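Q:
Number of protein chains: 2
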Amino acid sequence: MAQQHLDPTDPTAGTATGDALAGYLRARATEFLRALRLHRETGGTAGGGEESVDAARALRRSARRISASLHTYRPLLDAAWAESMRPELAWVSGTLALEHAYEARLERLLQALHRLSGATALPGRPAAAAGPAGPAGGPPATAADRASLTVGAAKAGALLDRQLTLARTRAHSTALQALGSSRFHAVADKVAVLASEVPLVPAAPATELHPLAAAAQERLTDAVAALPLLTAGHPYNAQALVHGLSPDPSPHPQDGPWHQVRLLMRLHRYAREVLHGDTPVDARLLTAGQALNRHRDASEAAAAAAQAARTPRITPATAYALGVLHADQRHEVEASRFAFQRAWLKETVEAV
Amino acid sequence: MAQQHLDPTDPTAGTATGDALAGYLRARATEFLRALRLHRETGGTAGGGEESVDAARALRRSARRISASLHTYRPLLDAAWAESMRPELAWVSGTLALEHAYEARLERLLQALHRLSGATALPGRPAAAAGPAGPAGGPPATAADRASLTVGAAKAGALLDRQLTLARTRAHSTALQALGSSRFHAVADKVAVLASEVPLVPAAPATELHPLAAAAQERLTDAVAALPLLTAGHPYNAQALVHGLSPDPSPHPQDGPWHQVRLLMRLHRYAREVLHGDTPVDARLLTAGQALNRHRDASEAAAAAAQAARTPRITPATAYALGVLHADQRHEVEASRFAFQRAWLKETVEAV
Chain A
1 MAQQHLDPTD
11 PTAGTATGDA
21 LAGYLRARAT
31 EFLRALRLHR
41 ETGGTAGGGE
51 ESVDAARALR
61 RSARRISASL
71 HTYRPLLDAA
81 WAESMRPELA
91 WVSGTLALEH
101 AYEARLERLL
111 QALHRLSGAT
121 ALPGRPAAAA
131 GPAGPAGGPP
141 ATAADRASLT
151 VGAAKAGALL
161 DRQLTLARTR
171 AHSTALQALG
181 SSRFHAVADK
191 VAVLASEVPL
201 VPAAPATELH
211 PLAAAAQERL
221 TDAVAALPLL
231 TAGHPYNAQA
241 LVHGLSPDPS
251 PHPQDGPWHQ
261 VRLLMRLHRY
271 AREVLHGDTP
281 VDARLLTAGQ
291 ALNRHRDASE
301 AAAAAAQAAR
311 TPRITPATAY
321 ALGVLHADQR
331 HEVEASRFAF
341 QRAWLKETVE
351 AV
Chain B
1 MAQQHLDPTD
11 PTAGTATGDA
21 LAGYLRARAT
31 EFLRALRLHR
41 ETGGTAGGGE
51 ESVDAARALR
61 RSARRISASL
71 HTYRPLLDAA
81 WAESMRPELA
91 WVSGTLALEH
101 AYEARLERLL
111 QALHRLSGAT
121 ALPGRPAAAA
131 GPAGPAGGPP
141 ATAADRASLT
151 VGAAKAGALL
161 DRQLTLARTR
171 AHSTALQALG
181 SSRFHAVADK
191 VAVLASEVPL
201 VPAAPATELH
211 PLAAAAQERL
221 TDAVAALPLL
231 TAGHPYNAQA
241 LVHGLSPDPS
251 PHPQDGPWHQ
261 VRLLMRLHRY
271 AREVLHGDTP
281 VDARLLTAGQ
291 ALNRHRDASE
301 AAAAAAQAAR
311 TPRITPATAY
321 ALGVLHADQR
331 HEVEASRFAF
341 QRAWLKETVE
351 AV
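Heads up: the protein sequence lines correspond to chains A and B, in order.
Position one of the first sequence corresponds to residue 1 (my numbering), numbered consecutively onward.
Position one of the second sequence corresponds to residue 1 (my numbering), numbered consecutively onward.
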């Protein structure tokens with residue numbers, strides 16, 4: 001059985017049925033409602049308080065998990081309900097994620113500019129490690145932070161600051177509007193119902209979850225098998241920067257399969273949560289997932305640097321700094337693939 | 001004995017004395033004179049024929065080897081003669097090397113621009129491999145080659161082409177002037193004497209060469225031990241691009257120790273040649289040396305891209321492309337250090 005291959009030592013393996021799914025969905029729905037109440041109480045003002053940020057994160061977190069479960073365990077759930085619910089939950093988590101994403105992207109790019117200038121870490125911030133960005137650790141760099149930069153790096157930083165802060169502010173307004181919309185109220189109403197009553201199909205309570213969880217894992221495994229892992233495992237393969245100066249301004253198409261694996265890994269992780277509850281996630285799976293998060297972040301940061309370089313009337317020094325920054329983030333993309341390859345192979349070898 | 005550690009299976013180890021050194025120097029001096037005659041016959045015109053290029057390479061090759069032997073085996077040679085000879089030989093090989101260096105640098109940068117544009121290799125040229133640049137394979141890219149590039153990449157390529165072709169032409173004139181100078185004639189006269197009569201000290205014919213060769217190896221080993229090899233062996237350590245946007249426009253000081261090891265490795269190799277003649281160089285030593293050549297080439301190419309970006313009145317698109325190119329070459333620097341670390345450790349482990 002595929003699931004036993006995944007975790008042969010788990011004493012609960014092989015016992016979960018639709019009842020476990022219902023319990024999981026009720027718990028996530030309750031979390032969603034609690035986070036929503038907290039978010040309303042803390043106001044959700046721009047650049048908001050820490051509580052408001054935490055509440056938004058908890059909302060996204062539960063929305064993602066409900067949505068993932070509707071996908072993985074679809075045969076056990078009322079089909080019409082599940083199909084109408086998923087895009088709405090994706091809209092909620094996607095809309096709420098944008099503000100944080102712009103903030104983290106700016107943080108990542110300013111940290112990189114400092115690193116590339118040979119400067120020490122920004123005051124009061126963690127050292128510019130190659131690892132994934134932690135939770136946003138403060139406001140973006142001030143003008144004083146940039147005193148140690150060259151004119152080009154400072155101007156590039158100021159440009160990115162303007163553009164990404166504007167994008168973040170807009171994302172914040174969009175999120176607030178979304179949370180006040182009738183569309184969102186309809187979602188919240190449905191989640192409130194879900195917190196007490198999960199629309200299972202009649203056969204669901206006796207249906208085992210494991211084959212469906214195993215199928216989710218198989219989709220992940222298949223997608224990983226299609227990745228160019230051999231190349232990725234070869235350090236300094238220089239693949240991520242191919243097309244770095246391509247005339248095509250769209251995001252790198254080579255990143256797509258990796259982003260897809262990132263999503264499938266998340267689905268796999270949430271599918272396991274339904275079976276194993278709060279059991280800590282396998283450390284190697286966690287490392288692989290973090291590598292893919294970093295891949296996504298670096299890919300989007302590189303695109304933001306390239307985008308900023310197309311701003312009219314910038315100076316050559318600014319453009320040069322943005323070019324260096326773009327290439328630096330594309331190498332972060334390549335480094336993340338290498339890290340994923342190492343983590344993934346380690347897992348496979350040790351699981352046999 | 002250190003030499004035995006170096007090559008315990010060599011049947012000739014422990015037998016070479018000053019006579020071997022004299023034979024080696026006479027042979028190199030003869031090569032020098034032959035190459036000089038060939039160079040004069042083939043004219044040495046600008047961008048010259050293949051024979052002229054070969055002759056110049058042979059001149060540099062023998063000058064470097066004579067100079068290295070004067071250094072490593074100094075105690076066996078007339079001190080005043082050796083000390084007056086070395087800087088003159090360094091001047092000859094340095095002056096002759098520049099033209100080729102500019103040509104290879106341009107070739108490397110244009111190849112990189114094509115790679116970064118997602119284009120295939122330049123017509124009639126080897127694929128843009130990450131390995132060391134081969135012998136220059138043709139004229140610089142034409143305008144037609146650049147049709148597949150973005151405006152920025154094409155303009156960056158044209159700018160580098162102008163600047164490095166101008167530098168190469170100047171280097172060629174300088175080399176021709178040097179070869180016609182009285183200073184060079186004095187060097188050639190001394191080499192002509194060396195071809196028949198090597199100024200050994202009286203004790204030299206009975207003096208063993210191995211301790212001096214071992215000392216050259218030890219200088220290499222010590223210099224390698226001082227390199228940050230632990231970091232270099234960690235893929236994607238992002239060290240080579242630190243200071244990539246630093247206000248200091250001088251070449252990266254972090255490259256210095258690696259350049260120094262490259263020179264010491266060459267001295268070590270030539271010291272071995274005196275002992276072992278035409279025995280093929282150890283494959284791992286060769287790999288390590290090639291990695292350091294690539295390190296030097298990428299370091300200088302990165303500096304040329306940064307230098308070009310300071311040209312007045314370039315467009316932002318050109319500057320952006322040069323920034324990407326600079327970062328790409330700095331990552332080549334990092335990749336070369338990684339390759340050197342691997343080759344070097346392999347050698348050490350297997351030599352024990």
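Think of the CB as a built atom: it goes at the ideal place given N, C-alpha and C, for glycine as much as any other residue.
Only a predicted model underlies this, so the values are computations on that prediction, with no experimental measurement involved.
Looking at the structure shown, is L194/A part of a helix, part of a strand, or coil, going by DSSP?
A: Three-state result, L194/A: helix.
Q: Does the contact criterion of 3 or more C-beta pairs under 8 Å hold for the stretch 262-274 of chain B versus the stretch 320-329 of chain B?
A: No, the stretch 262-274 of chain B is not in contact with the stretch 320-329 of chain B.
Q: What is the DSSP secondary structure of L77/A, reduced to helix, strand or coil?
A: Three-state result, L77/A: strand.
Q: Within the same chain, show all residues whose beta-carbon is closer than 7 Å to that of L164/A, passing over the 5 residues directly before and after it, in chain order.
A: Closer than 7 Å at Cβ, skipping near neighbours: Y102, R105, L106 and A304.
Q: Does any residue of chain A have a CB that is nearer than 8 Å to the CB of G43/B?
A: Chain A, which has no Cβ nearer than 8 Å to the Cβ of G43/B, makes this no.
Q: Three-state secondary structure (DSSP) at L160/B?
A: It is helical.
Q: Taking only beta-carbon positions, decide if P253/B is within less than 8 Å of chain A.
A: Not an interface residue.
Q: Closest to A354/A by CA distance: which of R310/A, L229/A and V151/A is it?
A: Residue 354/A is absent from the structure shown; chain A starts at 1 and stops at 352.
Q: Assuming V261/B contacts L292/B (C-beta within less than 8 Å), just tell me the rounded distance between them.
A: Indeed, because the Cβ distance is near 6 Å, the residues count as touching under 8 Å.
Q: Would you say S299/A lies against chain B (beta-carbon separation less than 8 Å)?
A: No, no contact with chain B.
Q: If distances are taken between C-alpha atoms only, which option among R342/B, H210/B and G256/B comes closest to Q290/B?
A: Taking only the C-alpha atoms, the option nearest Q290/B is R342/B.
Q: Just to confirm the assignment, what range does the alpha helix (DSSP H) spanning N293/B have?
A: That run of the alpha helix (DSSP H) goes A283 to A308.
Q: Taking the beta carbon of D278/B as the centre, do at least 16 other beta carbons fall within 10 Å, making it buried, or is it exposed?
A: Counting Cβ neighbours within 10 Å, D278/B comes out exposed, since fewer than 16 surround it.
Q: From A226/B to H71/A, what does the alpha carbon distance come to, in whole angstroms?
A: Roughly 56 Å between the two C-alpha positions.
Q: Under 8 Å between C-beta atoms, does T150/A make it to chain B?
A: Closer than 8 Å to some Cβ of chain B, the Cβ of T150/A qualifies, so yes.
Q: If we cut at 8 Å on Cβ distances, does I66/A have a partner in chain B?
A: So, not an interface residue.
Q: So is D189/A in contact with chain B if we call contact Cβ pairs under 8 Å?
A: False, the Cβ-Cβ gap to chain B never drops below 8 Å.
Q: Got a sec, what are the start and stop residues for the alpha helix (DSSP H) A312/B sits in?
A: At residue 312/B the sequence reads Pro, which differs from the Ala that was named. No alpha helix (DSSP H) holds P312/B; DSSP gives it neither H nor E.
Q: Going by the CB atoms, is the gap between A171/B and L98/B shorter than 8 Å?
A: It is a contact, given that the beta carbons lie within the stated cut-off.
Q: From R86/A to Q217/A, what does the alpha carbon distance come to, in whole angstroms?
A: So the alpha carbons of these two residues sit roughly 20 Å apart.
Q: Of the residues V191/A, A82/A and T169/A, which one's Cα is nearest the Cα of L36/A?
A: Checking every option, the nearest Cα to that of L36/A belongs to V191/A.
Q: Should L113/A go down as buried or exposed, given a rule of 16 or more other Cβ atoms within 10 Å for buried?
A: When all chains shown are included, L113/A counts as buried.
Q: Counting only Cβ pairs nearer than 9 Å, list the residues of chain A close to V242/B.
A: Residues of chain A passing the Cβ test: R115, L116, S117 and G118.
Q: Is T150/B helix, strand or coil by DSSP?
A: Looking at T150/B - three-state DSSP - the assignment turns out to be coil, as it is neither helix nor strand.
Q: In the DSSP output, which residue or residues are listed as bridge partners for T17/B?
A: In DSSP, T17/B forms a bridge with E208/B.
Q: If we count the other Cβ atoms within 10 Å of its Cβ and call it buried at 16 or more, is E334/A buried or exposed?
A: Buried.
Q: Could you give the DSSP three-state label for L267/B: helix, strand or coil?
A: DSSP places L267/B in helix when its eight states are reduced to three.
Q: So the candidates are E31/A, S299/A and A20/A; which of them puts its Cα closest to the Cα of A195/A?
A: If we check each option's Cα against that of A195/A, E31/A comes out closest.
Q: Assuming T207/A contacts T17/A (C-beta within less than 8 Å), just tell me the rounded distance between them.
A: 6 Å between Cβ atoms; contact.
Q: Taking only beta-carbon atoms, is P316/B less than 8 Å away from chain A?
A: Answer yes: the Cβ-Cβ gap between P316/B and chain A drops below 8 Å somewhere.
Q: To the nearest angstrom, how far is the alpha carbon of R263/A from that of V53/B?
A: First, the residue type needs correcting, since residue 263/A is Leu and not Arg in the sequence shown. One C-alpha to the other measures close to 57 Å.
Q: Work out the CA separation of A327/B and D328/A for me, nearest whole Å.
A: Taking the straight line joining both Cα atoms gives about 7 Å.
Q: May I have the straight-line CA-CA distance separating E197/B from R34/B, to the nearest angstrom?
A: Computed Cα separation, rounded: 17 Å.
Q: Go ahead and label D222/B buried or exposed: buried means 16 or more other beta carbons lie within 10 angstroms of its beta carbon, across all protein chains shown.
A: The residue in question, D222/B, is exposed, as its Cβ has fewer than 16 Cβ neighbours within 10 Å.
Q: Less than 8 Å between the C-beta atoms of A301/B and L116/B, yes or no?
A: It is not a contact, given that the beta carbons lie outside the stated cut-off.
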